[in-house]
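*Asks:* One structure follows; several queries about it will come next.
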Amino acid sequence: MGRTVPTMTQIIQSEEDGWAPFRRALRAQDRPALDRLFAAARHYSAAASYVARPVPFDAILLSMLLEAMKAIQRLEAEVDALRSRPSV
Amino acid sequence: MTRSVHAHLFDVYPVRGGMAVWLLADDGTRLRLVHPWAPRFYYAGRRDALRQASALLRALRAPVTARPATRYDLLRGDVAVTEVTVTNPLAFPRVVTRLARLDDLVFYNCDIGLPQMYLYEHRLFPLGRCAVEATPDGMIREIAPLDSPWDQEYTVPPLTVLRLRLEGDPANPNHGHRAILHVAVDGEESALTGETPADLLASLSRWLHRYDPDILLTEWGDSFLFPRLRRLAALSRLPLPLSRDPQAGTRTRRPRSYMTYGQIVYTAGGSYLHGRWHLDTTNSFTYEEAELPGLFELSRLGRLPVQHAARTSVGTVITSMQLDQAYQDGILIPWRKSRPEAFKSAGDLLLTDRGGLTYMPLVGAYGQVGELDFAAMYPAIMTRFNISQETVNCPCCREDPASRVPGIPHHLCRRRRGLIPRVLARVLARRAYYKERRAATTGDERHVYDMRQTALKWIGVVSFGYQGYKNARFGQIEAHECTTALSREMLLRAKDVAEAEGYRMLHALVDSVWLQKPGATRADYEALARMIVEATGLPIAVEGVYRWIAFVPSRTHPLVGVPNRFFGVFEDGTSKVRGIELRRGDTPPLVAAMQSRMLALLFQTATLEEARAQIPAVMDLLHDELVRLRQHEVRPEELVIRTVLSQDPREYEKGVPQAVAAHQLLQAGATLHPGEAIEYIITNAASRIPGERAVAYACLPGDWSYDEERYARMLRRATETLLTPLRRTAEAARISLRPGKAAGPEPT
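So, in structure tokens, the structure goes:
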């Protein structure tokens, strides 16, 4: 069965391929962070597919932001926990 | 003077002036009768096209009559047509082919197999009971069915089966495997040896005469045994009475490769017999899945001759059921479906062309997980929401808000019941009945019910995909889109209900969800399932509660999961394994066997903690295999890799192992087709000379060797697959994208 519209997984792959020169120009130590952002996009591909935006990169960016926000929340929680610990 | 016979219908095929009808009479005799019968087809068109057509018909000098008639077209209502009756069925294809060359004509009922058309028309079906009035010279005056294919309980009359196969390993003989021909009937068996081909043919003929079998059940009969036997018979000028009908030989169909669900599939050509069935167990999807009881079930429901049903796709069976329903409803069956998709805006296309929802699981291992599955989700949706070609975007319900499909700009009819839901509802009810009977019976009886329900399961699975397929007669892409849109809606409703009840959704895949909540028991999951049934109106059941389950990360993107790759053990000790090496067809037995021993160790445990404690024991198993590999204690059959050829072997990029092996097979005289599997061993993957990289298993030389490094890597990877998710600590697993800290030693 042929598909008229590529799947979200295929779209993310082709976006990542499209950003390959960007990645290449990054310093080696910066690349893992970029890779994690694309991993985030893959992780939320069900939601990105469901929203079906005409410009899929919008949904990809939002997925990346979502994962970054989750990291912030996690760190905030850890900071709060550390602060509330009685100082010696 | 006529005589009456009560019998089971065995087979039908066209002969001059009618159909040959084979019966299994109640007194045990096998009868060949002929039923005079004239198939009909229809065409419609503008006046000048009709004039051309009738001129052509006259010029054909074939035995045809034509007359005007009014018939019903599913989408256009009553239409004026010309009805053409062909008095000799053997001339039918020729008449249709000639007329089809004319432009501007619409044809109906012209490309249905003649046996099917005959069976639809007379309400008959293979293995159905019938009452026959026949003349002394074997002409049928009248034939009437005594039961319906939809009767849930039926018995199959005793059939004599003669088995024919090559001795030993059932490897594909077309790739060089040769052995002695082995024949068996009813527990009696023998190896057919003969000094000469003539001896061999004579002893096979003796078996056929002595037992007069109804079925020849072979392994590799279609692609190997029958073509060879026929050639032997021709060379030695000896008769080979494979068919029971003395006036007919064997009919062959060419092999073909076709594309389905993104895969290339190869079907060997068929050798069809007359008055006797030839069934090749290696060339029948239905037989492999559901054996004879399942094959008979589909044959009956589809009104398809058994030999045809055995070699066709389940899609053809569904089509035949729909055609039969259309025939009974007096609906014309269009030829060359001329109904393209209606135009959509680009935005609508994005909304509609999406398939089922596929989440990425949260990678890692989890305890006390419940899996809930919607039962036969797509067919259930099609039945419940009345999805059929003529119900999608019907003019009568356009203004009815309740008819809208959520999320896409289509609506479904709420006034008329569609053709496909009517067929499917019967199949669903029938399968439910067989599953009930399976639960209530034991032994052989249980097996029959199980095989029948398995065959019906495939009808459900395929019926949905078929709506979006260009060859479906009564399918249409919009119907397909409504089904997937509703599946997404219902899965999200299930998620909403579960999350509102405090469950975490670890994973969701089209019609299944994996949920976790601390302390949740089976009873809790059952209660949740009932709430989801309430919210969706679709049947959903607890597939099971896992003691623990592990979702495996992607190999190319290690931070993310893969939708269908996991392994876990249920509370009752049974397990479920998907997508890992063990389940893949191209994994060598050495690797699959090791992984399965590792899983056996892991699955013995009652909790996730106990499973993690098994990691060192799993590593020991890997070590043992690596030692065996290094010390050359492995047998060649353990190393065989089986790959399906995705293209013509000559077009492969030179040097990949399957191309090397395929090349060797071609050189040895084998014929290979895309979609066919080949078997090989990797000898030296890094060699500069492509020919040294792999060797075809069928051409294995005495001094063979293997690529230790390559096989060792496969063993380590298979171990990694199991241990990586288990090593994720609870903390890391909570955060989807953080690589876990190692909780055990890395594989060496």
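From first to last, the protein sequence lines are chains A and B. Going by the working numbering, the first sequence opens with residue 3, and the numbers climb by one from there. Going by the working numbering, the second sequence opens with residue 67, and the numbers climb by one from there. Where is the CB? At the ideal position from N, CA and C, for every residue including glycine.
#1: With 7 Å as the limit, tell me which residues of the stretch 32-54 of chain A have their beta carbon closer than that to any beta carbon of chain B; keep them in chain order.
#2: Please report the straight-line C-alpha distance between B:Leu180 and B:Gln519, rounded to a whole angstrom.
#3: Between the C-alpha atoms of B:Ala799 and B:Val435, what's the straight-line distance to the nearest angstrom?
#4: B:Val608 and B:Leu438 look like a contact to me (Cβ under 8 Å); what is the Cβ gap, rounded to whole Å?
#5: Runs of 3 residues minimum, wholly inside the stretch 128-183 of chain B: which ones carry the beta strand (DSSP E) assignment?
#6: Is it buried or exposed, B:Tyr79, if we count other Cβ atoms within 10 angstroms and call 16 or more buried?
#7: Quick check: what's the CA-CA separation for B:Asp169 versus B:Val147?
#8: Use the C-beta contact count for B:Gly610: other C-beta atoms within 10 angstroms, 16 or more gives buried, fewer gives exposed.
#9: In whole angstroms, what is the alpha-carbon distance linking B:Val626 and B:Trp343?
#10: Give me whichever residues DSSP pairs with B:Cys196 in a beta bridge.
#11: Tell me the residue span of the beta strand (DSSP E) that contains B:His344.
#12: Exposed or buried, which one is B:Ser256 when buried takes at least 16 other CB atoms within 10 Å?
#13: Between the C-alpha atoms of B:Glu786 and B:Met448, what's the straight-line distance to the nearest angstrom?
#14: For B:Tyr425, would you say it is in contact with chain A, using Cβ-to-Cβ distances shorter than 8 Å as the test?
#15: As a quick exercise: from B:Gly396, B:Lys561, B:Thr382 and B:Glu357, pick the residue whose alpha carbon is nearest that of B:Gly368.
#16: Are B:Gln373 and B:Leu345 close, meaning C-beta to C-beta below 8 Å?
#17: Going by Cα to Cα distance, which pick from B:Ala760, B:His101, B:Ala132 and B:Leu270 is closest to B:Tyr108?
#18: Which residues, in order along the stretch 545-557 of chain B, keep a beta-carbon less than 8 Å from a beta-carbon of chain A?
#19: Can you pull out the residues from the stretch 598-631 of chain B whose beta carbon lies closer than 7 Å to at least one beta carbon of chain A?
#20: By how many angstroms is the C-alpha of B:Thr709 removed from the C-alpha of B:Leu738?
#21: Between which two residues does the alpha helix (DSSP H) carrying B:Trp614 extend?
#22: Count the CB pairs spanning the stretch 655-664 of chain B and the stretch 615-623 of chain B that are closer than 8 Å, and state whether there are at least three.
#23: Determine, using beta carbons only, whether B:Arg794 comes closer than 8 Å to chain A.
#24: Any Cβ of chain A within less than 8 Å of the Cβ of B:Arg405?
#25: Pick out whichever of B:Ala491, B:Glu699 and B:Cys548 has its Cα sitting closest to the Cα of B:Lys523.
#26: Please confirm whether B:Ala408 has its beta-carbon closer than 8 Å to some beta-carbon of chain A.
#27: What first and last residue would you give for the beta strand (DSSP E) that runs through B:Ala250?
#28: Please report the Cβ distance between B:Asn459 and B:His476, rounded to the nearest whole angstrom; I am assuming they are in contact, meaning their Cβ atoms lie under 8 Å.
#29: Only counting the same chain, and skipping five residues up and downstream in sequence, which positions put a Cβ closer than 8 Å to that of B:Ala468?
#30: Looking at the structure shown, is A:Ile13 part of a helix, part of a strand, or coil, going by DSSP?
#31: Quick check on the DSSP output: the beta strand (DSSP E) that includes B:Gln582 runs from which residue to which?
#32: Between the beta-carbon of B:Leu781 and the beta-carbon of B:Leu688, is there less than 8 Å?
#33: So, at 8 Å on beta carbons, what are the nonlocal neighbours of B:Glu637 in its own chain, with the 5 sequence-adjacent residues on each side left out?
#34: Per DSSP, B:Pro80 forms a beta bridge with which residues?
*Replies:* Reading off the structure:
#1: Within the stretch 32-54 of chain A, the residues whose Cβ lies closer than 7 Å to some Cβ of chain B are Arg38, Ala41, Ala42, Arg44, His45, Ser47, Ala48, Ser51, Tyr52 and Ala54, listed in chain order.
#2: As a first step, residue 180 of chain B must be located in the second sequence, where it is residue number 114. As a first step, residue 519 of chain B must be located in the second sequence, where it is residue number 453. Taking the straight line joining both Cα atoms gives about 28 Å.
#3: As a working mapping, residue 799 of chain B is identified with position 733 in the second sequence. As a working mapping, residue 435 of chain B is identified with position 369 in the second sequence. Note that B:Ala799 scores 41 on pLDDT, short of 50, meaning its location in the model is unreliable; the coordinates nonetheless yield the value given after this. Approximately 14 Å between the Cα atoms of the pair.
#4: Looking up residue 608 of chain B in the second sequence gives position 542. Looking up residue 438 of chain B in the second sequence gives position 372. Contact holds; Cβ gap of about 6 Å.
#5: The qualifying runs are 130-139, 143-152 and 171-174.
#6: Locating residue 79 of chain B in the second sequence gives position 13, counting from the first residue. That one is buried.
#7: The residue labelled residue 169 of chain B in the question sits at position 103 within the second sequence. The residue labelled residue 147 of chain B in the question sits at position 81 within the second sequence. Answer to the nearest angstrom: the Cα atoms are 16 Å apart.
#8: Taking the second sequence and counting its residues from 1, the one referred to as residue 610 of chain B is at position 544. It is buried - the Cβ of B:Gly610 has at least 16 other Cβ atoms within 10 Å.
#9: As a first step, residue 626 of chain B must be located in the second sequence, where it is residue number 560. As a first step, residue 343 of chain B must be located in the second sequence, where it is residue number 277. C-alpha of B:Val626 to C-alpha of B:Trp343: approximately 51 Å in a straight line.
#10: Taking the second sequence and counting its residues from 1, the one referred to as residue 196 of chain B is at position 130. B:Ala73 and B:Pro211, per the DSSP bridge assignment.
#11: The count along the second sequence starts at 1 and reaches residue 344 of chain B at position 278. Counting along the chain, the unbroken beta strand (DSSP E) around B:His344 starts and ends at Trp343 to Asp346.
#12: Taking the second sequence and counting its residues from 1, one reaches residue 256 of chain B at position 190. Result: exposed.
#13: Against the second sequence, residue 786 of chain B aligns to sequence position 720. Against the second sequence, residue 448 of chain B aligns to sequence position 382. Approximately 42 Å, taken between the alpha carbons.
#14: Counted from its first residue, the second sequence places residue 425 of chain B at position 359. At a cut-off of 8 Å between beta-carbon atoms, B:Tyr425 makes contact with chain A.
#15: Indexing the second sequence from 1 puts residue 368 of chain B at position 302. B:Gly368 has its Cα closest to that of B:Thr382, out of B:Gly396, B:Lys561, B:Thr382 and B:Glu357.
#16: The count along the second sequence starts at 1 and reaches residue 373 of chain B at position 307. The count along the second sequence starts at 1 and reaches residue 345 of chain B at position 279. Taking 8 Å as the Cβ cut-off, B:Gln373 and B:Leu345 qualify as a contacting pair.
#17: Start at 1 with the first residue of the second sequence, and residue 108 of chain B comes out as number 42. Among B:Ala760, B:His101, B:Ala132 and B:Leu270, the Cα nearest to that of B:Tyr108 is on B:Ala132.
#18: Under the 8 Å Cβ criterion, the stretch 545-557 of chain B contributes Arg554.
#19: Flagged, chain order: His623, Leu625 and Val626.
#20: For the purposes of this step, residue 738 of chain B is taken as the residue at position 672 of the second sequence. For the purposes of this step, residue 709 of chain B is taken as the residue at position 643 of the second sequence. Rounded to whole angstroms, the separation of the alpha carbons of B:Thr709 and B:Leu738 is 12 Å.
#21: Reading the second sequence from its first residue, position 548 is the one you call residue 614 of chain B. Not the alpha helix (DSSP H): B:Trp614 falls in the beta strand (DSSP E), residues Ile606 to Pro619.
#22: No, the stretch 655-664 of chain B does not touch the stretch 615-623 of chain B.
#23: Numbered from 1 along the second sequence, position 728 holds the residue referred to as residue 794 of chain B. Cβ-Cβ to chain A under 8 Å: no for B:Arg794.
#24: As a first step, residue 405 of chain B is located in the second sequence; it is residue number 339 there, counting from the start. Reliability fails at B:Arg405, whose pLDDT of 41 lies under 50, so the model's placement of it is uncertain and no value is given.
#25: Taking the second sequence and counting its residues from 1, one reaches residue 523 of chain B at position 457. Nearest option by C-alpha distance: B:Ala491.
#26: Looking up residue 408 of chain B in the second sequence gives position 342. Summary for B:Ala408: the model assigns pLDDT 49, below 50, so the residue's position carries little reliability, and this model does not support an answer.
#27: Within the second sequence, residue 250 of chain B is the residue found at index 184, counting from 1. Counting along the chain, the beta strand (DSSP E) containing B:Ala250 begins and ends at Leu247 to Val251.
#28: Counting from one through the second sequence, the residue named residue 459 of chain B turns up at place 393. Counting from one through the second sequence, the residue named residue 476 of chain B turns up at place 410. B:Asn459 to B:His476, Cβ: 6 Å. Contact.
#29: Here residue 468 of chain B is taken as the residue at index 402 of the second sequence, counted from 1. These residues qualify, in order along the chain: Arg480.
#30: As a working note, residue 13 of chain A is residue 11 in the first sequence. If DSSP states are grouped into helix, strand and coil, A:Ile13 belongs with the helices.
#31: Your numbering for residue 582 of chain B matches position 516 in the second sequence. First-last of the beta strand (DSSP E) with B:Gln582: Ser578 to Gln582.
#32: On the second sequence, residue 781 of chain B is found 715 positions in, with the first residue counted as 1. On the second sequence, residue 688 of chain B is found 622 positions in, with the first residue counted as 1. Between B:Leu781 and B:Leu688, the C-beta spacing is below 8 Å.
#33: Numbered from its first residue, the second sequence carries residue 637 of chain B at position 571. Excluding sequence neighbours, B:Glu637 sits near Arg588, Gly610, Val611, Tyr612 and Arg613.
#34: Locating residue 80 of chain B in the second sequence gives position 14, where the first residue counts as 1. In DSSP, B:Pro80 forms a bridge with B:Met85.
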